[in-house]
Structure formats: C-alpha cells, structure tokens
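Read the structure below first, then the notes.
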Amino acid sequence: MNDHVTDPATEAFVAHRDLLFTVAYEMLGSAADAEDVLQESWLRWVAVDLAQVRDRRAYLVRITTRQALNRLRTLKRRKEAYVGPWLPEPLLTAPDVAEDVELSENLSLALMFILETLSPTERAVFVLREVFDIGYDDIAAAIDKSPAAARQIAHRARQHVDARRPRTPVSPEEARAALNSFQRALVTGDLQGLLDVLAPDVVFVSDGGGLKPAALRPVVGADKVLRYMAGSVVKAGGTLTSEPTTVNGNPGLVLRLDGVIDGVLAFHLENARVTGLYYVRNPEKLTRVESETPLTSR
Numbered sequence: 001m002n003d004h005v006t007d008p009a010t011e012a013f014v015a016h017r018d019l020l021f022t023v024a025y026e027m028l029g030s031a032a033d034a035e036d037v038l039q040e041s042w043l044r045w046v047a048v049d050l051a052q053v054r055d056r057r058a059y060l061v062r063i064t065t066r067q068a069l070n071r072l073r074t075l076k077r078r079k080e081a082y083v084g085p086w087l088p089e090p091l092l093t094a095p096d097v098a099e100d101v102e103l104s105e106n107l108s109l110a111l112m113f114i115l116e117t118l119s120p121t122e123r124a125v126f127v128l129r130e131v132f133d134i135g136y137d138d139i140a141a142a143i144d145k146s147p148a149a150a151r152q153i154a155h156r157a158r159q160h161v162d163a164r165r166p167r168t169p170v171s172p173e174e175a176r177a178a179l180n181s182f183q184r185a186l187v188t189g190d191l192q193g194l195l196d197v198l199a200p201d202v203v204f205v206s207d208g209g210g211l212k213p214a215a216l217r218p219v220v221g222a223d224k225v226l227r228y229m230a231g232s233v234v235k236a237g238g239t240l241t242s243e244p245t246t247v248n249g250n251p252g253l254v255l256r257l258d259g260v261i262d263g264v265l266a267f268h269l270e271n272a273r274v275t276g277l278y279y280v281r282n283p284e285k286l287t288r289v290e291s292e293t294p295l296t297s298r
C-alpha cells in the first residue's frame, strides 16, 4: 500500500487551503477564527459527494464563505462589547503578497478597517467579488440569494467602501521612503520630522482590546496625532525600537519596548504622506507577526 496516496477530497482541500484561509481571514480579520472556519469547512467538505461537484475550488469557497458568515455574525456581537476600536489581526506576509498590488491593497489594515462598517452579507459579497473575483452565480449560492440580489449587494458595498477610501496609488518606493522617514523620526524623537511625513488630516487608530492602553476612539489631525504619540512614548518609559516589516502585504513597523513587542503599526499613504496609522497593541492579536502566513487570491 502506498502511504503517499491521498484521497481526492483531502487533495482538493490541501491544494486550496491558502485560498480558503485568505477568504476566511479577509471576512473575519482574525487568524484564529479563520482557522476555526477552515476546520468547520473541512468537516462539511468530507461529507460531500465529489461526483456531484463540478468545480471543487468554487464549492470549497462556497462552504468556507457560509461558515465564515456564521462566525462573522457571532463576532459582530463580540465586537460590540470590545474596548475601543477593533482592528484586524496583523499578519506577517511573504514578499509575493506585497508584489500582488491588488491583493496587498485588499488585505491592508486600512481597507479591512473600512470593511468593519459593512453588514456581514455585504462584507462577504464584497470580499468574494472584489478580492477574489468570484462570479455572481457562485456568490449567490454562497449567501443563499439570487444572482441579481448578489449584484445589488456588491454594488451597494462597493459604493460604501469607495466613499471611505482614497484611491491615489503610491509606488512601493514612495511607501518605503515615507516609512523610513517616519521610523527615523519616531525613534530619534524628531517631532518636526514626524509632522513632515503626516498628512494634515491623518487618522490614528489604536487597538489595545482593554489589555493595553490605547485611544478609545480614532485621533484625527496631524497635531493631535503627534501629541498623542509623543505622550504615549513618554508614559511607556523604557527604550522604544522599531523594525520594518511587511504587514498584510504592506509596509509596517514592529515596535518593541525594552526588546519586547509592544505592537504593530500599519500605514495608509496618499501622495507620499501618511493618512492613516493603525496600531495594534492587543497582545492576543500579535501572535502572527514573527512567522509568515501564506495568503493568496488564487
């Protein structure tokens, strides 16, 4: 007997696992919940009669979407009791994710923060259509709606998201230069240098989850953001260091206080200036920033 032979169900699931994880994570913003969804999806997948499945990838995405939708509705209630803003769990990603411009934009903490304002069904439809280019017939099957209804939901979700996200592209070189300037100014305490790299209407969002100090609502405006950040550094005491990283396919910083990870800072840039800062301090969300998580839209 050949130990290396796997059954077709396992083979298909393993082949598409990274895609299914990415779908679940993009919908939920939580790696742990995405892993739970994959486990639930696997249990349903092994009970399926493969002879009746025309497109295994599409069918697996459909199962995963349904499980993620169920989990998303539960998460929504949990988030309503969350202390302060809720940010997605940042993931350390490989260079190939950053090279896929469309995927890295859709996985950015900036966009995923906007997706939090959608209803669970709107988020599912937006993610499947805009991020993974799934056809409306398959989306409709995943959310138990008609294709026409799925199109309407997709249009509404896209309008909602587009109204909240600027779309001026920034080259990787510009992004890296802005990040370097920010990092240098932050570590040296150069307040003018920080002010120069921040857009006047920059928004700072921090997530401590009630476990670490963080602003209970977004801080808006370069002067206010600067004062808040400078005050936080002084209160923290100790030695603050930072190192560049790739968070969700985008440039970011891991900040350490006396050598211990304090948080992950993600950026949104427009016209080579920082318009959004997303600082995740909740220690429960910092478990995936030291080893890469494979993500894909294919």
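Position 110 of the sequence shown, counted from 1, bears residue number 110 in full-length UniProt numbering, the numbering being contiguous throughout.
Every residue, glycine too, gets a C-beta built ideally from N, C-alpha and C.
Own chain residues within Cβ distance below 6 angstroms of Val205, not counting five before or after = Position 205 of the sequence shown, counting from 1, holds the residue named residue 205. These residues qualify, in order along the chain: Pro85, Pro218, Tyr278.
May I have the straight-line CA-CA distance separating Leu19 from Ser146, to the nearest angstrom?
-> Taking the sequence shown and counting its residues from 1, one reaches residue 19 at position 19. Taking the sequence shown and counting its residues from 1, one reaches residue 146 at position 146. Cα to Cα, Leu19 sits roughly 24 angstroms from Ser146.
Kindly indicate which residue of Ala214, Tyr59, Thr10, Glu243 has the alpha-carbon position closest to the one of Gly135.
-> Mapped onto the sequence shown, residue 135 falls at position 135. Of the listed residues, the one whose Cα sits closest to Gly135 is Tyr59.
N-terminal and C-terminal residue of the beta strand (DSSP E) that Ala266 is part of = What you label residue 266 is simply residue 266 of the sequence shown in a count that begins at 1. That run of the beta strand (DSSP E) goes 260–270.
Element boundaries [beta strand (DSSP E), containing Ser242] | By 1-based counting over the sequence shown, the position of residue 242 is 242. Taken as a continuous stretch (DSSP letters only), the beta strand (DSSP E) holding Ser242 covers 240–247.
Would you kindly work out how many angstroms separate the C-alpha atoms of Ile153 and Trp45, rounded to a whole number?
-> Residue 153 sits at position 153 when you count from the first residue of the sequence shown. Residue 45 sits at position 45 when you count from the first residue of the sequence shown. Between Ile153 and Trp45, the C-alpha separation is close to 27 angstroms.
Alpha-carbon to alpha-carbon, Leu211 and Arg158 = The sequence position of residue 158 within the sequence shown is 158, counting from 1. The sequence position of residue 211 within the sequence shown is 211, counting from 1. Roughly 34 angstroms between the two C-alpha positions.
Helix, strand or coil at Val161 according to DSSP, with G and I counted as helix = Indexing the sequence shown from 1 puts residue 161 at position 161. Shown here, Val161 sits in a helix according to DSSP, grouped into three states.
Terminal residues of the continuous alpha helix (DSSP H) containing Leu109?
-> Here residue 109 is taken as the residue at index 109 of the sequence shown, counted from 1. Note, Leu109: alpha helix (DSSP H), 109–115.
Does the region 241–260 come within contact of the region 99–109, defined as at least 3 CB pairs closer than 8 angstroms?
-> Yes, the region 241–260 touches the region 99–109.
Mind the definition here: the region 91–105 touches the region 281–296 only if three or more C-beta pairs lie below 8 angstroms; say whether that holds.
-> yes
Residues in its own chain within less than 6 angstroms of Arg73 by CB, not counting five upstream and five downstream?
-> One-based indexing of the sequence shown puts residue 73 at position 73. In the same chain as Arg73, and ignoring 5 residues on each side of it, the C-beta atoms closer than 6 angstroms to its own belong to Pro120, in chain order.
Apart from the five residues just before and just after Ala140, which ones in its own chain have a Cβ nearer than 8 angstroms to its Cβ?
-> The residue labelled residue 140 in the question sits at position 140 within the sequence shown. Hits under 8 angstroms: Ser146, Pro147, Ala149, Ala150.
With a floor of 4 residues, list each alpha helix (DSSP H) that falls wholly inside the UniProt domain "RNA polymerase sigma-70 region 2" (14–77), ordered by position along the chain.
-> 17–28, 31–45
Give a yes or no on whether the C-beta atoms belonging to Leu195 and Leu226 are separated by under 7 angstroms.
-> Residue numbering aside, residue 195 sits at position 195 when the sequence shown is read from its first letter. Residue numbering aside, residue 226 sits at position 226 when the sequence shown is read from its first letter. Taking 7 angstroms as the Cβ cut-off, Leu195 and Leu226 qualify as a contacting pair.
Which residues in the same chain have their Cβ closer than 6 angstroms to the Cβ of Ala98, if we skip the five residues on either side of it in sequence?
-> Numbered from 1 along the sequence shown, position 98 holds the residue referred to as residue 98. Excluding its 5 nearest sequence neighbours in each direction, Ala98 has C-beta neighbours in its own chain below 6 angstroms: Ser104, Thr246, Gly249, listed in chain order.
With distances taken Cα to Cα, identify the nearest neighbour of Ile114 among Val260, Glu11, Leu28, Leu257.
-> As a position in the sequence shown, residue 114 is number 114, starting the count at 1. If we check each option's Cα against that of Ile114, Leu28 comes out closest.
When DSSP builds the beta bridges, which residues end up paired with Gly209?
-> Residue 209 sits at position 209 when you count from the first residue of the sequence shown. Paired residue(s): none; Gly209 is not in a bridge.
Indicate whether the contact test is met: 3 or more Cβ pairs, each with one atom in the region 50–68 and one in the region 164–180, closer than 8 angstroms.
-> no
Closest residue to Leu295 among Thr6, Glu35, Ala12 (Cα-Cα distance) = Reading the sequence shown from its first residue, position 295 is the one you call residue 295. Out of Thr6, Glu35, Ala12, Glu35 has the C-alpha closest to the C-alpha of Leu295.
Check whether the Cβ atoms of Leu269 and Ala177 lie closer than 7 angstroms to each other.
-> Position 269 of the sequence shown, counted from the start, is the residue given in the question as residue 269. Position 177 of the sequence shown, counted from the start, is the residue given in the question as residue 177. In this structure, Ala177 does not lie closer than 7 angstroms to Leu269 by Cβ.
Just curious, the alpha helix (DSSP H) that Arg123 is in, first and last residue?
-> As a working note, residue 123 is residue 123 in the sequence shown. Its alpha helix (DSSP H) spans residues 120–126.
Exposure of Pro200, with buried meaning 16 or more beta-carbon neighbours within 10 Å | By one-based count along the sequence shown, residue 200 stands at place 200. Per the 10 Å Cβ criterion, exposed.
Taking the Cβ atom as the reference point for each residue, do Val280 and Gly263 lie within a distance shorter than 7 angstroms?
-> Residue 280 sits at position 280 when you count from the first residue of the sequence shown. Residue 263 sits at position 263 when you count from the first residue of the sequence shown. Yes, Cβ-Cβ distance for Val280 and Gly263 is below 7 angstroms.
Residues bridged to Tyr279 by DSSP?
-> Here residue 279 is taken as the residue at index 279 of the sequence shown, counted from 1. Beta-bridge pairing by DSSP links Tyr279 to Ser206, Leu265.
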